[in-house]
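Scroll down for the structure; my scribbles are underneath it.
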Amino acid sequence: MKKICIIGSGSWGVALAIHLAKQGYKIKMWSFSEEEKDLINNEKKCKFLPDAEIPEGVYCTNSYEEAINGTDFIIHVTPSKFTRNTVKEYKKYVTNQPIVICSKGFEKDSLMTLDEVVQEEIPSAKIAVLSGPSHAEEVSVAIPTVLVVASKYDALLKLVQDTFMNDKMRIYTSKDVKGVELGGALKNIIAFCAGVAAGIGLGDNTFAALITRGLAELSRLGVALGGQKETLYGLSGLGDLIVTCLSEHSRNRKAGKLIGQGKTLEETKKEVGMTIESIDNIEVAYELGKIHGIEMPIVEAVYGILYKNLKPEDAVNMLMNRERKSEY
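Residue numbers (our numbering): 1177 to 1504.
Written out as structure tokens, the structure is:
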């Protein structure tokens, strides 16, 4: 029986714990919060997933050492902005366990992807990245979900595929770690834009255009940063983009919608109540686009909305009135 450590007790960490516990594995979770730990252990509940029941076999602790000791591999699922500091705190307890990164985003200050952050902190670690269209609310209640895992290690790909796969979750494999990382991080930005569009009352035509042209932008940047175009048009790019742009489960879409309705950034963060990865990611993508000379008009427009007092309606007009172009 595999023993699995999950670092992070938010909605996605708990959803994965529920899925894996139902597979018969023993799960030890780490949480920074005493309150969340007690809720998981005593009431078998997660405050972010009110409809989910946590099965037996899931135990939560506030101790990194207790969570990691004796496990076969580690699932890292903290918000991207906390990734480096969290890894710094637990790396002394890691022996030879592979690390599966299930967080999505960039490190804002360094512009690094999360696999780069973890590898820099634990150079000997074997790393995989698991991503794709996956709302925690649905995984936690066993709605069929399809994901992709990327790693340069064949044995680790097989381990993750064998561990996670059942009739409710299908896992594809990939060697394109960079592409899978970038698809998961960059799609949050377009989802935020979809929320802004909803907030100002735009329609289905606009959403379809936004997803299509947004995918073109994130693919251009993703390829420039070392990902493969096919990956960005797969589960971790296009797949995650669709589900995040169109679903009311998406906190990134919800945040954009609140901004579109006239809320301030601080009001939006307070109302959403959970980490909004897209806000930091927008700054990173904007900087990376400038560094690599990539044309990213949608990213530039939403950056203007957040940081240059550009009105959403004016951003739409700016995008619609750009110079005429061929699609490809």
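We put the beta carbon where it would ideally sit given N, CA and C, even for glycine. None of these values were measured; they are calculated from a predicted model.
Contacts around residue i, its chain only, beta-carbon distance under 8 angstroms, and the 5 residues preceding and following it disregarded
{"i": "Tyr1462", "result": "Met1472, Val1475, Glu1476 and Tyr1479"}
{"i": "Arg1346", "result": "Pro1320, Thr1321, Val1322 and Leu1323"}
{"i": "His1311", "result": "Val1419, Ser1423, His1425 and Ser1426"}
{"i": "Ser1126", "result": "Given a span of 1177 to 1504 for the chain in the structure shown, any question on residue 1126 remains unanswerable."}
{"i": "Leu1391", "result": "Ile1366, Leu1408, Tyr1409, Gly1413, Leu1414 and Leu1417"}
{"i": "Val1506", "result": "Since the displayed the chain opens at 1177 and closes at 1504, residue 1506 lies outside it and no answer follows."}
{"i": "Ile1481", "result": "Val1372, Ile1435, Lys1487, Pro1488 and Ala1491"}
{"i": "His1468", "result": "Leu1397, Ala1400 and Leu1401"}
{"i": "Leu1441", "result": "Ile1435, Ile1455 and Leu1482"}
Endpoints, the alpha helix (DSSP H) within which residue i is located
{"i": "Tyr1479", "result": "Pro1473 to Tyr1483"}
{"i": "Met1496", "result": "Pro1488 to Met1496"}
{"i": "Arg1396", "result": "Asp1380 to Ala1400"}
{"i": "Val1317", "result": "Per DSSP, Val1317 belongs to no alpha helix (DSSP H) and is neither H nor E."}
{"i": "Thr1440", "result": "From DSSP, Thr1440 is part of no alpha helix (DSSP H); its letter is neither H nor E."}
{"i": "Glu1406", "result": "Lys1405 to Leu1408"}
{"i": "Lys1198", "result": "Ser1187 to Lys1198"}
{"i": "Ile1376", "result": "Per DSSP, Ile1376 belongs to no alpha helix (DSSP H) and is neither H nor E."}
{"i": "Leu1411", "result": "Unbroken run through Leu1411: none, as it is neither H nor E."}
Rounded distance between the beta-carbons of residue j and residue i, thought under 8 angstroms
{"i": "Ile1230", "j": "His1252", "result": "At roughly 20 angstroms, the Cβ-Cβ gap does not stay under 8 angstroms, so Ile1230 and His1252 are not in contact."}
{"i": "Ala1374", "j": "Lys1433", "result": "5 angstroms"}
{"i": "Ile1182", "j": "Asp1248", "result": "Not really, about 12 angstroms apart at Cβ, beyond 8 angstroms."}
{"i": "Ser1279", "j": "Thr1254", "result": "6 angstroms"}
{"i": "Val1317", "j": "Asp1416", "result": "At roughly 19 angstroms, the Cβ-Cβ gap does not stay under 8 angstroms, so Val1317 and Asp1416 are not in contact."}
{"i": "Tyr1266", "j": "Asn1245", "result": "Actually they do not touch by this definition, with Cβ atoms about 11 angstroms apart."}
{"i": "Cys1520", "j": "Ala1491", "result": "No answer is possible for residue 1520: it lies beyond the span of the chain, which begins at 1177 and ends at 1504."}
{"i": "Ile1387", "j": "Ile1366", "result": "7 angstroms"}
{"i": "Lys1264", "j": "Glu1297", "result": "6 angstroms"}
{"i": "Lys1284", "j": "Glu1459", "result": "6 angstroms"}
{"i": "Lys1439", "j": "Leu1394", "result": "That pair is no contact at about 25 angstroms."}
{"i": "Val1325", "j": "Val1336", "result": "4 angstroms"}
{"i": "Gly1308", "j": "Leu1411", "result": "4 angstroms"}
Residue i, enclosing beta strand (DSSP E) - first and last residue
{"i": "Ala1326", "result": "Thr1321 to Ala1326"}
{"i": "Ser1307", "result": "Ile1303 to Ser1307"}
Bridge-paired residues (DSSP) for residue i
{"i": "Ile1180", "result": "Ile1203 and Phe1249"}
{"i": "Asn1342", "result": "Met1345"}
{"i": "Thr1289", "result": "Phe1282"}
{"i": "Ser1300", "result": "BP columns for Ser1300 are empty, so no partner."}
{"i": "Ser1350", "result": "Ala1326"}
Same chain only: Cβ atoms within 7 angstroms of residue i, ignoring 5 sequence neighbours per side
{"i": "Ile1452", "result": "Arg1427, Asn1428, Ala1431 and Lys1445"}
{"i": "Thr1407", "result": "Ser1350, Asp1352, Gly1355, Val1356, Gly1359 and Gly1413"}
{"i": "Glu1210", "result": "Asn1238"}
{"i": "Thr1382", "result": "Ala1373"}
{"i": "Thr1262", "result": "Ile1183 and Thr1254"}
{"i": "Met1288", "result": "Phe1282"}
{"i": "Gln1404", "result": "Asp1352 and Gly1355"}
{"i": "Val1448", "result": "Arg1427, Lys1430 and Ala1431"}
{"i": "Lys1220", "result": "Glu1229 and Ile1230"}
{"i": "Asp1291", "result": "Ile1277, Ile1303, Val1305, Val1353 and Glu1357"}
{"i": "Asn1342", "result": "Gln1199"}
Close Cβ partners of residue i (< 6 angstroms) along its chain, the five nearest in sequence each way excluded
{"i": "Glu1313", "result": "His1425"}
{"i": "Ser1327", "result": "Ala1304 and Leu1333"}
{"i": "Val1234", "result": "Ala1193, Ala1197 and Ile1203"}
{"i": "Gly1281", "result": "Ser1256, Ala1361, Glu1453 and Asn1457"}
{"i": "Gly1436", "result": "Val1372, Gly1375, Ile1376 and Pro1488"}
{"i": "Trp1188", "result": "Val1253 and Ala1312"}
{"i": "Ile1470", "result": "Arg1396, Leu1397 and Ala1400"}
{"i": "Ile1250", "result": "Cys1181, Gln1273 and Ile1275"}
{"i": "Glu1443", "result": "none"}
{"i": "Tyr1201", "result": "Lys1178 and Ile1180"}
{"i": "Lys1484", "result": "none"}
Residue ranges of each alpha helix (DSSP H) within the region 1211 to 1281, 4 or longer: Whole alpha helix (DSSP H) segments, 4+ residues: 1240 to 1244 and 1259 to 1266.
Alpha helix (DSSP H) runs contained entirely in the region 1451 to 1475, provided each spans 4 or more residues: Here the runs fully enclosed are 1453 to 1468.
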